[in-house]
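Beneath this line is the structure, given in C-alpha cells, with notes to follow.
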Amino acid sequence: MPSDIDIAIIGAGAAGLAAAIFAAETNPNLSILLLDSAKTIGAKILVSGGGRCNVTNQRVNASDFHGNRKLIDRILRRFDEQTTVRWFDSLGIPLKTESTGKLFPVSNKARTVLDGLLRRCETLGVSLMTHHPVRNLTREGEEFLIQHSQGKLRAKRVILATGGRSLPKTGSNGSGWELAKRLGHTVTPTYPALVPLLLEPSFFHATLSGISHDVTLATTIAGKNFDRSTGSLLWTHFGISGPVVLDASRVWVRAAAQGEAVRLHLHCFPHLSIQEVEKWLMQAASLPGRKLVPTLLAERLPTRVAHTLAGIQEPVLSDTPVNLLSKEARRNLVRTLTHLDLPVIGSRGWNFAEVTAGGVPLEEIAAHSMSSRHVPGLYLIGEMLDCEGRIGGFNFQWAWATGYLAGCHAALDIMKQPAAEEG
Ligand SMILES: Cc1cc2nc3c(=O)[nH]c(=O)nc-3n(C[C@H](O)[C@H](O)[C@H](O)COP(=O)(O)OP(=O)(O)OC[C@H]3O[C@@H](n4cnc5c(N)ncnc54)[C@H](O)[C@@H]3O)c2cc1C
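In this note's numbering, the protein residues as written are 8 to 430.
See below:
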C-alpha cells in the first residue's frame with residue numbers, strides 16, 4: 008500500500024514549522040504534513056519574549072546550553088545565528104539586535120514570526136492538521152503508521168517535534184516522549200527549567216513585589232560552588248523571578264529533585280567583591296555626617312530593597328548611622344549584602360516554566376541529521392531532546408537549527424533510498 012504522505016511532522020511548534028519549511032524547500036515535490044494536537048497552533052511562539060519573540064541571540068555557543076555540549080556544538084554549527092538572521096529575512100521578517108544581544112522581529116510582535124512561518128508553509132504546499140493529537144506511532148515495514156485522534160495515516164518519514172512539558176496548555180504535554188519511548192528511545196528525568204522560584208512565605212520578598220535590580224545568584228550544592236549568574240532579579244509576591252532567577256532555576260530544580268543540599272545565595276552588588284563592599288562601608292563611615300545605613304545602601308540599591316536589607320539581621324541598623332556601626336555589625340551587613348541565603352522552597356512548576364530540562368538523550372540522535380540511531384526514518388528535534396538553553400533566544404535557535412537539519416535530511420533521504428535500507 009503506498010504511503011499517504013512522504014514526511015509527517017508531529018508537532019507544529021517552532022521546531023516542527025522550521026522542519027516543514029526546510030523539507031519542502033529541499034524537495035518541493037514531496038507531500039509534507041504537520042499534525043498538531045492544539046486547536047490553534049503557535050501559542051508558545053506568541054507568548055514568547057513577552058509577546059515579542061526573542062528569535063535568537065547575536066552570539067550563540069554550546070556553553071549557553073545544558074546537555075551534551077560536544078553534540079550541541081556540532082548541531083548549532085550547521086545552522087548558526089547569522090543563518091537564522093538571513094533565513095528570517097527571506098521569510099520577510101527582518102530582525103533587530105538589542106543591547107542585551109537578543110534578536111527580535113523589527114515589528115516587536117511575535118505574531119509576525121508565527122505568521123511568517125505559516126505563510127511560508129502555505130506557499131510551499133505544506134499541509135497542516137490542527138486538533139489532531141497523535142496517539143501512537145509504529146514502524147511497519149518500510150514506513151510509519153501514525154494513529155491520531157481522527158484515524159490513521161502512513162508516512163515514509165516521521166519527524167517528532169512534540170516539545171517538552173513547559174506551558175502544557177499550549178499543547179506540549181509530554182505525550183511525544185511516550186511515542187519516542189515506544190519506538191525504543193529513552194527519556195532522561197525531566198524538570199521545569201527557566202522557571203520562577205518560590206520562597207518561604209515568611210521571608211520579606213512580598214514586601215518588595217514588583218521591584219527589580221541587578222544581582223549575582225550563586226548556587227551551592229553540598230556547600231560547594233556550582234553555578235553563578237548575573238542579571239536582573241524581580242521580587243514577586245510568591246518569591247523571585249527575572250532573567251537571572253530563570254537561568255539559576257535549572258540547577259536548583261534538578262538538584263532539589265535529586266535530594267541534594269542545594270542553596271541559592273544573593274549578592275546584591277554584582278560588580279563588587281566582598282572586600283570592596285566592606286571597603287565601601289568603611290569609607291562611608293570615615294566621611295563627615297551621619298548617613299544612616301539604609302540611606303547609604305540606597306545609593307546603589309532600590310530604596311525599598313535598601314531599607315529591607317538594612318533591617319534584616321539587626322533591625323536597629325535601620326536607624327544606625329554608618330559611622331556608628333560596630334565591626335561585627337558591619338561584617339554581618341556585608342554578609343547580608345553579598346551572601347544572603349534565599350529560602351527557596353520550590354519552583355512555580357510546568358505552568359510557568361519556559362523550557363524543559365531533560366528529554367531524549369542527544370547520544371540517541373545522529374547530530375548531522377537529527378535522525379534516530381534506533382529507528383530508521385525517524386527524526387527528533389526541538390525541546391523534546393535533552394538540551395535546553397539559557398534565557399536570550401537560545402531555545403528558539405535550537406528549534407530552528409534542529410528543524411533545519413531534520414527537514415533537509417528527511418527530504419534528501421527520501422530522494423536517496425527507501426527507509427528500510429538505512430542504518
Ligand atoms: C512563556 C515562554 C516564553 C518563551 N520565550 C522564549 C524566547 O523569547 N526565546 C526563546 O528562545 N525561547 C523562548 N521560550 C522557549 C521556546 O518557546 C521553546 O523552547 C520552543 O518553542 C520549543 O519549540 P518546539 O517546537 O520544540 O516545542 P513546542 O513549541 O512546545 O511545540 C510542540 C508542539 O507539539 C504539539 N504536540 C505535542 N504532543 C503532540 C502529540 N502527541 N500529537 C500532536 N501534536 C503534539 C504541541 O501542541 C505543540 O504545538 C519561551 C517559552 C515560554 C513558555
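The C-beta atom is built at its ideal place from N, Cα and C for all residues, glycine as well.
| Asked | Found |
| --- | --- |
| Sorted by chain position, which residues of the same chain lie with C-beta nearer than 6 Å to LEU186's C-beta, five sequence neighbours on each side aside? | LEU144 |
| Check whether the Cβ of PHE403 sits closer than 6 Å to any heavy atom of ligand 1, and report yes or no. | yes |
| I need the DSSP call for ASP80, collapsed to helix, strand or coil. | helix |
| Beta strand (DSSP E) containing MET391: first to last residue? | Unbroken run through MET391: none, as it is neither H nor E. |
| Three-state secondary structure (DSSP) at LYS423? | helix |
| Which residue wins for smallest C-alpha separation from SER106, given the options GLY246, ASN61, GLY410 and GLN265? | ASN61 |
| State yes or no: is the C-beta of SER179 nearer than 6 Å to some heavy atom of ligand 1? | yes |
| Rounded to a whole number of angstroms, what is the C-alpha to C-alpha distance between PRO203 and ILE17? | 29 Å |
| Could you give the uninterrupted runs of the alpha helix (DSSP H) lying entirely in the segment 94-130, keeping only those of 4 residues or more? | 117-130 |
| List the residues that DSSP assigns as beta-bridge partners of ILE247. | LEU204 and TRP242 |
| Closest to CYS207 by C-alpha separation, out of ALA27, THR47, ARG146 and ARG355, would be which residue? | In the sequence as displayed, the identity of residue 207 is Glu instead of Cys. Comparing Cα-Cα distances from GLU207 to each of ALA27, THR47, ARG146 and ARG355, the minimum goes to ARG355. |
| For a test of your reading of the model: does the CB of ILE17 fall under 6 Å from any non-hydrogen atom of ligand 1? Yes or no. | yes |
| So which of ILE14, ILE12, ASP13 and GLY23 has the shortest CA-CA distance to GLU390? | GLY23 |
| Counting Cβ pairs closer than 8 Å, one from the segment 293-300 and one from the segment 249-260, do we hit at least three? | no |
| Hey, is ASP43 close to ligand 1, as in C-beta under 6 Å from one of its heavy atoms? | yes |
| Following the continuous beta strand (DSSP E) through VAL269, name the residue where it begins and the one where it ends. | 269-274 |
| DSSP puts VAL367 in a beta bridge; with which residues? | LEU392 |
| Any contact of the segment 30-50 with the segment 128-138, i.e. 3+ C-beta pairs under 8 Å? | yes |
| Which residues bound the alpha helix (DSSP H) around ILE319? | Segment: none, ILE319 is in no alpha helix (DSSP H) and carries neither H nor E. |
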